[in-house]
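To convert, count from 1 in the sequence shown and add 5; that's our numbering.
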Amino acid sequence: QVSDEDAARLIGAFRGAGFHVPEGAETLFSIDTWARASLGGRDVDIALGATKFDLQAIRRAVRVPIFGRTVPIAAAEDLILYKLAAHRYKDLGHVESIIARQGRRLDLAHLRIWAQWLAEATKKFEIPGTLEKFLQERGL
């Protein structure tokens, strides 16, 4: 969990950098360590690495220049896994697109190991099966 003061400072820093962050985000961020911000018509998720999966995703993140700043972006495999955990219709569409684009460049062992871990951690036991369905559709 994040203190109210730290949450306010972090959200304030995003606002100061030009991001739009909804009112009240500070309060929610201090509870669930997640918020959504937007800049230039693009939404970004702000999250603190709180789980074993988050920590490894942070280590694997790719550094990308965006709007004159270097920003860590989740590796394709970890983005797939986050979207499988969210399991919303639009996220599953994104999973399908990422797999189609990345194809054989994906680390399939990483995907399978962490899909199982996420299923157990979140009690969303459909995650590994959904992953396998998408992989099989692409012959992976």
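We treat Cβ as the ideally placed atom computed from N, Cα and C, and that holds for glycine. Here the structure is a predicted model, which is why all the values come from computation and not from measurement.
Check whether residue i and residue j have beta carbons under 7 Å apart
| i | j | result |
| --- | --- | --- |
| L145 | I132 | no |
| D83 | A114 | no |
Beta-bridge partners of residue i, as assigned by DSSP
| i | result |
| --- | --- |
| V76 | V69 |
| V49 | A42 |
| H25 | S43 |
Residue i to residue j span [Cα, whole Å]
| i | j | result |
| --- | --- | --- |
| D48 | F24 | 9 Å |
| A66 | G46 | 23 Å |
| E28 | A105 | 37 Å |
| T127 | A91 | 10 Å |
Residue burial classification, residue i (beta-carbon count within 10 angstroms, cutoff 16)
| i | result |
| --- | --- |
| I16 | buried |
| K88 | buried |
| D50 | exposed |
| L116 | buried |
| L60 | exposed |
| V69 | exposed |
| F139 | buried |
| A18 | exposed |
Whole-angstrom C-beta distance between residue j and residue i, which should lie under 8 Å
| i | j | result |
| --- | --- | --- |
| A40 | A30 | 4 Å |
| L86 | A52 | Rounded, the Cβ-Cβ distance is 13 Å, inconsistent with contact. |
| F34 | V76 | About 18 Å; that fails the 8 Å criterion. |
| L44 | A81 | So it is not a contact: roughly 22 Å between Cβ atoms. |
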